[in-house]
Structure formats: C-alpha cells, structure tokens
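Report on the following structure.
Residue numbers (UniProt numbering): 1 to 262.
Structure representation (structure tokens):
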C-alpha cells in the first residue's frame, strides 16, 4: 500500500453482487456525501457477520442498543488516519449523519452538506421522505435484497430480518392487487414530494431542496432511490423512473453523475 493510499479515509461498506458493490441505502448516503465533498477515500468491504467485530477492532462506536441491552454495530463507518481522536489515530465515525457532520467540519472548503441553520430543516424533510417514500417502499424491496447479497452475508440478512418482521421474507412481499395498490400509493406519495419541491421552484421543476445544488437531505433521498434501482430494478424502479414525467430518474442520474464516485 502506497503512502498516499494509506493517508486517505477508509469507508467501511457491505459488498454485494451488484456492479457497484454498494447496495445499502445507508452506505449510499455516505458514498454520495464523500463524492459531494470530493474527499479521496478507499473502500473496505465487510460482510454482514463481520460488521460488529470489524468496528470494535478499530474502536468504532455502536449506533444503537439491541433489546437485550447489548451494543448494536452498523455500517457505514469511516476511519480518518489524518485526525487524532482522544490521543488516538485514526478517528472513527459511525452513522451516516455523524459522518456528514464530520466531513463538513474537517473539509470546510468544499460545498457544505449541512449548511449553517439547515440541520433541523433537513431532518424534518428527511423524516417526511421516510414517511412518504421509504416506509412504503421497504415493503416492496426487503424480500428482494438477498438476490444481490454475497454468500457471506446471505444467511445473516435473512435470519435477522425474519426475526425483526416475525415472518419469512417471501411473506413480506405483496402480490397481485395488494402489490398494485402499494405501487399506486407510492406514486401518489412521491407526487406529494414533487409538489412540495416545485411549490418553491418558481414555475420550473426543482430537483433539489435548496434549488440548483444538492444538500445532504437530497443525497439521502437519492440513496433510497439508488437502493431500489439496484435491488429491484425490474420490480419497482422500472415504475418509479416513469412517474411524474421521469423526474425521479433525472434526479437520481444527476446525483449519480455528480457525486456517485466509488
């Protein structure tokens, strides 16, 4: 490993069989954020069963607690060898939102992901997107995730998700009229988001919250769409990309081209 490669941020991500490798919406949040900031980085791929052990080994923090009170470790995580933390190097940051804040703090000359005064507003917008889009879309997507996972992550994902949902993954996927209704509901909800954006677009289509340039909440939304495109291109994305005059495909393509470096 060369000195230059050793000095860049390491981005810990879960691999897949998808051409991009990255598939998780949470990982895409950070992938897009790194691209937005223009931060050089390398990727360390970690299969699901190895996530906790890997994060503990680099002194990373858990992101939540399990029902039994034990720590729960998730990706994405970044490790920055250039910034010491509490006398130790590298600094390790867990959770995509914390990573975005860290990137703005330590790379302030680049455009800001979370400009001053926008954090609360971005959180509110993101909650609305999750309510209107992510929650209903997840029911259409989760059962399809195993199709892109590597063997090393497959059993872990299936067992943990079936435990969380209390049923087999294949039972989560709506079929027939129920699926058709779910897609129609998703289309209507995306229409609400489009209406909210265009309300302040001065008569033109507005792809991003703040106008012509993205901020972090836009990248979060794009990450959700990217997840669907990768995991359910035929089943769901083929519908979404045609809705509302194709604006969601234009939105995602714009984000991919500007910030989607791997």
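Backbone N, C-alpha and C fix where the C-beta goes; we use that ideal spot for every residue, glycine too.
- For residue 244, there is no enclosing beta strand (DSSP E), since its DSSP letter is neither H nor E.
- Straight across, the Cα-Cα distance linking residue 43 with residue 12 is about 6 Å.
- Its chain contains no residue whose beta carbon lies nearer than 8 Å to that of residue 138 once the 5 sequence neighbours on both sides are disregarded.
- Partner residues in the beta bridge of residue 92, as assigned by DSSP, are 79.
- Spatial neighbours of residue 26 in its own chain (CB-CB distance under 8 Å, excluding positions within 5 residues in sequence) are listed in chain order as 74, 75, 76, 96, 223.
- A Cβ-Cβ contact shorter than 7 Å links residue 249 with residue 241.
- The alpha-carbon of residue 78 is positioned some 10 Å away from that of residue 8.
- The C-beta distance from residue 142 to residue 161 rounds to 6 Å, short enough to meet the 8 Å contact threshold.
- Bridge partners of residue 13 according to DSSP: 45.
- Inter-residue distance for residue 109 and residue 163 is about 45 Å (C-alpha atoms, whole angstroms).
- Under the DSSP assignment, residue 36 falls in the alpha helix (DSSP H) whose first and last residues are 25–37.
- The three-state reading of DSSP puts residue 165 in helix, counting H, G and I together.
- Rounded to the nearest whole angstrom, the CA to CA distance from residue 120 to residue 114 is 10 Å.
- Within the model, the alpha-carbon separation for residue 210 versus residue 231 is close to 29 Å.
- Residue environment analysis places residue 122 among the buried positions, since at least 16 neighbouring C-beta atoms fall within 10 angstroms of its C-beta.
- By the CB criterion at 7 Å, residue 182 and residue 140 fall inside the cutoff.
- Under the three-state reduction of DSSP, residue 7 is assigned to coil, being neither helix nor strand.
- Within the stretch 139–205, the runs of alpha helix (DSSP H) at least 4 residues long that lie entirely inside it are, in chain order, 151–165, 169–172, 176–198.
- In this structure, residue 157 lies near residue 48, with their beta-carbon atoms less than 7 Å apart.
- Excluding sequence positions up to five before and after residue 66, its CB lies within less than 8 Å of the CB of 72, all in the same chain and listed in chain order.
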